[in-house]
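Below is one structure, written out as structure tokens; comments come after it.
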Amino acid sequence: MGGVALHAGAVWIPISAWWDTSDIMHRILVELRLPRAILVLLCGALLSVSGAVIQSLFRNPLADPGLIGVSGGAAFAAVLWQVLGAPLIDHPLADLLGLPLSAFLGGVLVTAVVMRLSSGGQGLSVVVMLLMGIAVNATATAGIAVLKYASDTMTLRQVTFWLMGNVQQANWSQIALLVALAIGLVPMIIRSARMLNVLLLGSEQALLLGVNVPVLQWRLIISVALLVGAVVSCVGLIGFVGLVVPHIVRVLVGVDNRRVLPMSLLVGGLFLLIADVLSRTLMVPGELPIGLITSLIGGPFFMALIIWRHKGRAR
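Be aware that the sequence shown starts at 5, since it is given in the numbering used here, and climbs by one per residue.
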């Protein structure tokens, strides 16, 4: 699959381009498609493992990372920068860091506010946090609509494309950021798999079995916020990956998080890589936003999942 992802596109690049350094195809392969493929793999892996964590924490198979507010906060901050910030600050450093930094900070800060408002003497209230996340996402969507209405035609095009997922600007600095966060956070998340399994029994039962539920919730939600905020800051909004992939993984390996979390990394990366190949090949010589492809796949899957769960309860 990796070979197809590197060589397929508006122009098929032959394998010989790898060692023919004088060929322009070599530069396209090494400088454009290779970092793009690596970035897509990382984003898919991190979104998927984040989705698996959130579904276990909330004990809700229909949850995804966006429910904690990180995606909505990141999207609103990024659009705010593109519409109001970028036109006012004309500096090369601002052009380079303004969008990703605003998206990352927006996602993390909004998640911090949601967590603070959802916490009490008993720790985090999952129900309150879920409702707060829904409210934040609705508010962010309304704010983005206002900003889009106030933007000019060029900015509107940029904002719209970014909101549907944009991996065309993939570079090694983005990859370095995601790799650093993955090295720092993913091992800790995977080590928490056993405690997540216990938490599926309920918070009270988990406490009786020795799990420090409030600490586990804070630690994992902060980790998810950092990972998803970084992904959104690099590539924009890519929906349904964190929802769909964990369910695919559970069909393959069962519900034990000791297997679900590592497999989510692998399957999520491959899932988004396939979506990227489709986005580059379905409308040659044009290109579809990768978020549009994941939505076309994830939307019907989500509806099928709801119908399946409803029929299961009816029995």
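For glycine and all other residues, C-beta sits at the position ideal for the given N, C-alpha and C.
Pro96 counts as exposed, since fewer than 16 other C-beta atoms from the protein chains shown sit within 10 angstroms of its C-beta. Nearest in C-alpha terms to Phe108, of all of Pro304, Leu181, Tyr153 and Met307, is Leu181.
Assignment of beta-bridge partners to Ser123 by DSSP yields Leu128. Rounded to whole angstroms, the separation of the alpha carbons of Met133 and Leu121 is 8 angstroms. The alpha helix (DSSP H) runs of length 4 or more contained entirely in the stretch 129–206 are, from start to end of the chain, 130–154, 157–167, 176–195 and 197–203.
Contact check for Leu269 against Ala49 passes: the beta carbons are separated by less than 8 angstroms. Contact between Val245 and Leu51 holds: their C-beta atoms lie close to 4 angstroms from each other, under 8 angstroms.
Between Ile193 and Val74 the beta-carbon gap is near 15 angstroms, outside 8 angstroms, which marks them as no contact. Distance between Val87 and Ala79, taken at the CA atoms: about 12 angstroms. In the structure shown, the three-state DSSP call for Met307 is helix.
Under a 10 Å Cβ-count criterion, Gly303 is classified as exposed, with fewer than 16 other Cβ atoms of the shown protein chains found around its own Cβ. Sequence-distant Cβ neighbours of Ser155 in its own chain, meaning closer than 8 angstroms and more than five residues away, are Gln86, Val87 and Val163. Look at Arg223 here: in three-state DSSP terms it is helix.
DSSP, read as helix, strand or coil, puts Met267 in helix.
8 angstroms or more divides the Cβ of Gly240 from the Cβ of Met158.
The C-beta distance from Ile242 to Thr298 rounds to 6 angstroms, short enough to fall under 8 angstroms. Distance from the CA of Arg161 to the CA of Asn170, rounded to the nearest whole angstrom, comes to 12 angstroms. Per DSSP, reduced to three states, the secondary structure at Phe108 is helical.
The criterion of a C-beta distance shorter than 8 angstroms is satisfied by Val112 and Leu230.
When secondary structure is reduced to three states using DSSP, Arg40 falls in the helix class.
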